[in-house]
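Heads up, the thing below is written out as structure tokens.
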Amino acid sequence: MGTEIVKKMGYSGKQIFALTFLRVLIGWHFLYEGLVKIYTPGWSAGAYLEGATGPFSGLFKNLAQQDVVLSIVDLLNAWGLALVGFGLFVGLFSKACKIFGILLLALYYMAYPPFAGLDQNVVAEGSYWIVNKNLIEIGALVVLLVFPSSYITGLDKYLSEVKNMISGRNKK
Amino acid sequence: MNVLRRDFLKGLATIPFLGYFAFGFKNNITKGISEKSKDYQKVLGIGELEAPRQKLSPSTAHDEKRIRIGVVGNGWRGERLLNTLGFAHPEALEESRVEGQLTGRLKNYEGYDDLNVDFVGVCDTFEVHAKRGGEFIPFKQEGIEKGNKKGSPIKVFPTYREMIASKDIDAVIIATPDHTHASIAIAAANAGKHVYLEKPMTHTIEEAIELRDTIKQSDIVFQLGHQNRQQMSFKIARELYEKGVLGTVTMVQTFTNRNTVFGAWIRDKAFDHHLGNKNNINWKEFLGKAPWHEFEHKRYFSWQRYSDYGTSVTGNDFTHRYDCVNQVLGLGIPETVVALGGQYYYKGYGDMPDVLSAIFSYPEKGLTMTYDGTLKNEVYRESRILGSEATIDIDGAILMYKDKQSEKFKDIKIDPSDPMYYYAPSTDIDAISTATSRAFMKGGFGPTFIDGKVIDGTYLHLREWLDAIRGHGHPSCDIDQGFEEAVTFNLANLAYVHKKPVRWDKSNEKVIIGG
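Laid out in structure tokens, this is it:
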């Protein structure tokens, strides 16, 4: 496992700072997006899904057209974002959070893929072709996935210590 | 020990930051959210909007006897209207079917409530289209799946005169060239047949007066084919206007742009028009009251471009936009109209201008309406209504912007270039703006959203007419609305032809050229 090697070799002070910094930034981005949705009365992803473009647009539009499905999607999206964000920020269940975060970002990416010839969201700032901010954030999460920091600067540290203690005791 | 403790505490390194962020969120950002998600009615200072909550009236179709319909003019539009009612040519049905199921437009029509009508008669001055009309089959009625059972027999009449004389016809749909609208509609009304007349209403103002008087004296139900009467966006905009949200409206801007040969109504090579010739076109009947001219293929199939038969870009395109803003503001007929433009590009096809700008002055209302149309550019422009408090861009959707100097909305903290209210028809969202609202403004006037359903405007418009024939409700584009449309665009055409301002003498119902 790559991450095991990383853990054995350890990080320099600057490295652990940089990785933690990036984790906190992405964590707050997710947490804030989630909290805004949770706190906004009547928020729904319906309009966003209805406007989806690209090869998977039919799938996203279908989600929006069924009330029950849409309310589940809304719940998963808002709370998913908030929990992933919280997890990354404090470094708790960090690996699972990164994987779920990548999954969420991939869905946003596919709902409005920056491919040639597709109607883009006209208010999106900047110019994109294939690579957009969602894809870059996916990339950053992939980096964090293979260079974990939460076992040093996160609550996962205590989880792994507790786990080690238990396994140590069992070995005895 | 100290080193150990420091190492231990590292795991909590980010917690203080979370505290800081969360504190900030609670104190500042939640306030921002509640500001943003304020109830739009409170923000706009209006009560609940009624239009978006409008319910579809229950269908009257099944309570009463079938209405027997004849179609005069089975061209492109005539066929579309028949499709909407649930009738199609077997070949069109075959083309639409994928694995036995209808697709696209026809599939939508199939899903709508049956309107309980029979298509029983057709006539067309082009023999090929008349014959095709006679072959239509209903595709919504039970037992007629896959075209294996014919509906009621469809009689092909030689002209509209025989059709309206027939006792087997209750109502007619007229989708013929503009110069024949008035004579056919008047004859039908005099014969007691209900009339659905395609827009624009008439070729001249004199015809509009005669048709209006005829309809008023008759007992028939008349509907002009401005299906955008059914668009929810205009109903909402009317309510916003009536509730004073826009303030004083001083200017209305309308536009239509096209940039194709087909779009410029040069259509003698389009569709099946190559099949037409002197022997299968009733040229004399087509000419009607128009000045005599020898048979000419392109005159027949590109008739819109000849002022002897068509009504120019104003009749074809501007009337749509006019009828839309007329619904919102109740504009009526302007007092004075000027229009300038010319035929610069598509020469040799009639006398229709390619580029036209017109100004319609309404001194009594304190406003001016403008129209710009070109046939050499296809940029999309919504209609714009400029009020002292707010401006709206409107088509099937609405974007409303507060005016920079607005008194009414001075407390609303929003950049005047960002919409403060929008209505997005595809999602039935009417709300305070979000950053993505602009993306909904895709334009167009296809289906509308009513009572939780997305329904084609033309279907609703025909249905409204049929309901009114059965004694329920009133057509929304009745003869009075049609009269306003016909006089308004014809004034612009007269101003263009005479290159002079044209005034409408309201009390005498007369046009004063150069007035």
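In order, the protein sequences belong to chains A and B.
Under our numbering, the first residue of the first sequence is numbered -11, with each subsequent residue one higher.
Under our numbering, the first residue of the second sequence is numbered 63, with each subsequent residue one higher.
Quick reminder that beta carbons are idealized off the backbone N, C-alpha and C, glycines included.
Segment limits, alpha helix (DSSP H) that includes residue i
i, result
"R223(B)", "Y222 to A227"
"I90(A)", "S82 to A99"
"L286(B)", "That residue, L286(B), is in no alpha helix (DSSP H); its beta strand (DSSP E) goes F284 to L286."
"F139(B)", "According to the sequence displayed, residue 139(B) carries Arg and not Phe. W138 to L147 is the extent of the alpha helix (DSSP H) around R139(B)."
"A250(B)", "H243 to N252"
Rounded straight-line distance, which links the Cα of residue j to that of residue i
i, j, result
"A227(B)", "D518(B)", "32 Å"
"D385(B)", "A459(B)", "16 Å"
"A6(A)", "E21(A)", "23 Å"
"A123(B)", "T312(B)", "43 Å"
"G372(B)", "N65(A)", "55 Å"
"R361(B)", "L461(B)", "41 Å"
"D144(A)", "R157(A)", "20 Å"
"H359(B)", "H336(B)", "9 Å"
"G350(B)", "G196(B)", "23 Å"
"K515(B)", "N170(B)", "12 Å"
"G183(B)", "Q405(B)", "39 Å"
"G142(A)", "Y463(B)", "47 Å"
"R291(B)", "Y411(B)", "32 Å"
"K554(B)", "I26(A)", "Checking the displayed sequence, the identity of residue 554(B) turns out to be Ala instead of Lys. Their Cα atoms are separated by approximately 55 Å."
"A251(B)", "L51(A)", "50 Å"
"G89(A)", "N122(A)", "11 Å"
"G73(B)", "L133(A)", "18 Å"
"V(-6)(A)", "K2(A)", "15 Å"
"Q285(B)", "I87(A)", "60 Å"
"D230(B)", "Y484(B)", "48 Å"
"V218(B)", "P152(B)", "17 Å"
"W354(B)", "D370(B)", "10 Å"
Buried versus exposed call for residue i [16 or more other C-beta atoms within 10 Å across all chains shown]
i, result
"W138(B)", "exposed"
"P200(B)", "buried"
"T322(B)", "exposed"
"G132(B)", "buried"
"G205(B)", "Bear in mind that the predicted position of G205(B) carries a pLDDT of just 48, short of 50, making it unreliable; the figure below should be weighed with that in mind. Flag for G205(B) reads exposed."
"V110(A)", "Any reading at V110(A) is ruled out, since the residue's pLDDT is 43, under 50, leaving its predicted position unreliable."
"K127(B)", "exposed"
"V387(B)", "buried"
"P415(B)", "buried"
Range covered by the beta strand (DSSP E) that runs through residue i
i, result
"T398(B)", "T398 to G404"
"Q279(B)", "From DSSP, Q279(B) is part of no beta strand (DSSP E) but of the alpha helix (DSSP H) over I267 to Q279."
"W345(B)", "Premise fails: W345(B) lies in the alpha helix (DSSP H), W345 to L349, not in any beta strand (DSSP E)."
"G183(B)", "V179 to C185"
"A233(B)", "A233 to I236"
"V257(B)", "H256 to L259"
is_contact[residue i, chain A] using C-beta, thresh 8 Å
i, result
"I77(B)", "yes"
"A501(B)", "Confidence at A501(B) is low in this model, with a pLDDT of 42, below 50, so its placement is unreliable and the value that follows should be read with caution. Cβ-Cβ to chain A under 8 Å: yes for A501(B)."
"L80(B)", "yes"
"A244(B)", "no"
"A459(B)", "no"
"E207(B)", "With a pLDDT of only 47 at E207(B), under 50, the local geometry of the prediction cannot be trusted, and the value read off the model is given with reservation. No, no contact with chain A."
"G162(B)", "no"
"F511(B)", "no"
"K515(B)", "no"
"F85(B)", "no"
"G166(B)", "no"
"A486(B)", "yes"
"K169(B)", "no"
"K72(B)", "yes"
8 Å Cβ shell around residue i - same chain, five flanking residues per side excluded
i, result
"F103(A)", "G42, W117 and I118"
"E440(B)", "N319, R320, N321, T322 and G325"
"I343(B)", "T187, F188, E189, F357 and Y362"
"D540(B)", "F284, Q285 and L286"
Other residues of its chain near residue i: CB distance less than 7 Å, five sequence neighbours each side excluded
i, result
"I246(B)", "V134, Y222, I236 and T238"
"R300(B)", "Q389 and V390"
"T264(B)", "H243, A244, A270, L273 and A548"
6 Å CB neighbourhood of residue i in its chain, flanking five on each side removed
i, result
"S450(B)", "G309 and T310"
"T318(B)", "D379 and G435"
"Y174(B)", "Y521"
"K297(B)", "A113"
"R565(B)", "T398, I574 and G577"
Contact with chain B by residue i, beta-carbon distance below 8 Å
i, result
"L143(A)", "yes"
"F88(A)", "no"
"A128(A)", "no"
"V12(A)", "yes"
"V78(A)", "yes"
"I154(A)", "no"
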